[in-house]
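Residue numbers (the working numbering), protein chains in the order written: chain A, 1070 to 1374; chain U, 379 to 581.
Shown next, in the form of structure tokens:
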């Protein structure tokens, strides 16, 4: 005889198909075991239903849910704005920390050395009553300080720099920003005393006179320092700068050679007096310098001796 | 032949409990309004189904406070996901599914074992007149036995016998095959029978 043990709960719950239910009822008439089984399920069902029907739902749950929804909606809206502000603040904080850290890490002598040479230029200019002294000195000071920015030769913290997770170009950029801002302030401060010997409306001309050459010479010095080392960078950039002031015609005996040299030198001087070209070139050089930190051996690896 | 009239009686009740087509249409409409952020619709939905949702949560958690939290979270979930309800299956079955998931999750977080306490309560029961003893004892051992079942097994019994869900809907809510629902029913029966036998021996 086939029993209906597995179907019994479904039958009790009224979920058996009509045909299956008829067959089961027919079987129940003859089978006491299955009747007992059905009785068990019916009792269980009654128990569950009685218990559940006696449960009364809590009042005001929908209102509480809506309150919860309102609060979390308000919170998520409020969370959007400070999120952006917070991220911006973090970025600024990080940039500031990097700048401050690098200001400590660059060679300390840069600060007083730049300032004292610049002061010397100011005194020289004032005494000789030649404003050009300033325009001559400023590019040299700035170029020298930038040449010492990066690389194993003059960087006391270079090994530390290379082992930090901050990429080398970011560090260079940070130092560059700090030192050139310092140099720029120094240069502006040095230009002001010139007002003692020139009328005020010339001041703008003086500043423009050193600004573009300084930018170019410094960018060149920086790039050379990464490629060839600080010493060579300073020598080369100084040489290029001083070259335009040389009156070689006095040294050279041959007249025709001297005049040819003079025309070349004039063109060369003209180059140093074209601010637009100089600024574009310095931007290009800076870009290359920042990229070079990635490829240059001198920039990346301290030389093992 | 007690079985037959009894069965008919239960069949009748069960059928009346099944949601009609009109009820389903109303539920769908409510869910649409909730998807459009109609707060009155959420209240209506709770008024219509709160008792069933709460009873199921209570059955699974066995803790009124926890069950209340579960149902509140269910309403929040319904509010947030009503737009995603694709209309497969009855709305009540969908909501019971949410109750199921949240209640079992909250169960796992802080499961309370009250087995010892229940055993003591059972033994301390006073004897009663003969005819009452039969029914009351049965109700009592079933109630205690139910509490000894795992939430998964209680869930199947509850869904089939109180919520009036089909085996297929029950399987959908529990996230298991139909065969597993059937085997859980028969396992629950064995457990309850075993519980009954043990208590009779103890008496």
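We treat Cβ as the ideally placed atom computed from N, Cα and C, and that holds for glycine.
Under 9 Å between the Cβ atoms of residue 473 of chain U and residue 454 of chain U?
-> no
Decide if the stretch 1240-1257 of chain A is in contact with the stretch 1267-1274 of chain A; the criterion is three or more beta carbon pairs, one per stretch, under 8 Å apart.
-> no
Nearest residue (CA-CA) to residue 1358 of chain A, options A:1305, A:1326, A:1291 = A:1291
Selection of the stretch 551-565 of chain U by Cβ proximity to chain A, strictly under 7 Å = 560, 563, 564
Under 9 Å between C-beta atoms of residue 1337 of chain A and residue 1354 of chain A = Residue 1337 of chain A is not a Cβ neighbour of residue 1354 of chain A, given a cutoff of 9 Å.
Cβ neighbours of residue 549 of chain U in the same chain (closer than 8 Å, five flanking residues each side left out) | 555, 556, 558, 559
Examine chain A for any beta-carbon lying closer than 9 Å to the beta-carbon of residue 544 of chain U, and answer yes or no.
-> yes
Chain-ordered chain A contacts of residue 428 of chain U [CB-CB under 9 Å] = 1126, 1127, 1130, 1131
Could you check what DSSP says for residue 1097 of chain A in three-state terms: helix, strand or coil?
-> helix
Is residue 1313 of chain A helix, strand or coil when you go by DSSP?
-> For residue 1313 of chain A, the secondary structure class from DSSP, reduced to helix, strand or coil, is coil.
Can you find at least 3 beta carbon pairs, one from the stretch 1192-1211 of chain A and one from the stretch 1160-1169 of chain A, that sit closer than 8 Å?
-> Segments in contact, no.
Starting from residue 411 of chain U, trace the alpha helix (DSSP H) both ways and give me its first and last residue.
-> 399-413
Select from the stretch 451-463 of chain U all residues with a C-beta closer than 7 Å to any C-beta belonging to chain A, and list them in chain order.
-> 453, 454, 457
Can you give, in chain order, each stretch of the alpha helix (DSSP H) that sits fully within the stretch 1237-1315 of chain A and has at least 4 residues?
-> Within the stretch 1237-1315 of chain A, the alpha helix (DSSP H) runs of at least 4 residues that lie entirely inside it are, in chain order, 1237-1260, 1272-1297, 1299-1312.
Ordered list of alpha helix (DSSP H) runs contained in the stretch 1323-1352 of chain A, each at least 4 residues = 1324-1341
Does residue 481 of chain U come within less than 9 Å of chain A when only Cβ atoms are used?
-> no
List in chain order: all unbroken alpha helix (DSSP H) runs of 4+ residues lying wholly within the stretch 1107-1176 of chain A.
-> 1130-1174
Range of the contiguous alpha helix (DSSP H) that encloses residue 1084 of chain A = Looking at the DSSP string, residue 1084 of chain A is not in any alpha helix (DSSP H), and its letter there is neither H nor E.
Anything in chain A within Cβ reach of residue 449 of chain U, meaning under 9 Å, just list it in chain order.
-> 1126, 1127, 1130, 1134
Ordered along the chain, which non-local residues of its own chain (more than five positions away) have a Cβ less than 7 Å from that of residue 1079 of chain A?
-> 1085
With 7 Å as the limit, tell me which residues of the stretch 408-421 of chain U have their beta carbon closer than that to any beta carbon of chain A; keep them in chain order.
-> 417, 420, 421
Out of A:1352, A:1240, A:1325, which has the shortest C-alpha to C-alpha gap to residue 1363 of chain A?
-> A:1240
Are any of the Cβ atoms in chain A nearer than 9 Å to that of residue 573 of chain U?
-> no
Mind checking residue 1175 of chain A: buried by the 16 CB within 10 Å criterion, or exposed?
-> buried
If we count Cβ pairs, one from each stretch, closer than 8 Å, do we get three or more for the stretch 1113-1126 of chain A versus the stretch 400-419 of chain U?
-> no
Neighbour list for residue 1099 of chain A in chain U, Cβ cutoff strictly below 9 Å = In chain order: nothing, as chain U lies at least about 12 Å away.
Simplified DSSP assignment, three categories, for residue 422 of chain U = Helix at residue 422 of chain U.
How would you label residue 1326 of chain A, buried or exposed, when you count the other beta carbons within 10 angstroms and need 16 or more for buried?
-> exposed
For the alpha helix (DSSP H) containing residue 1209 of chain A, list its first residue and its last residue.
-> 1201-1216
Report whether the distance from the Cβ of residue 1124 of chain A to the nearest heavy atom of the ligand FAD is below 8 Å.
-> Ligands in the displayed structure: none, and consequently the ligand FAD is not present.
By the 10 Å Cβ neighbour count, where 16 or more other Cβ atoms means buried, how is residue 424 of chain U classified, buried or exposed?
-> buried
Minimum C-alpha distance to residue 1072 of chain A - residue among A:1209, A:1133, A:1099 | A:1099
Can you give me the start and stop residues for the alpha helix (DSSP H) that residue 555 of chain U sits inside?
-> Here residue 555 of chain U belongs to no alpha helix (DSSP H), and DSSP marks it neither H nor E.
Would you mind working out which of A:1298, A:1331, A:1181, A:1238 sits nearest residue 1314 of chain A, comparing C-alpha positions?
-> A:1331
Using 10 angstroms around the beta-carbon of residue 1264 of chain A, count the other beta-carbons present and answer buried if the total reaches 16, otherwise exposed.
-> exposed
Is residue 1073 of chain A helix, strand or coil when you go by DSSP?
-> Residue 1073 of chain A: coil per DSSP, three-state reduction.
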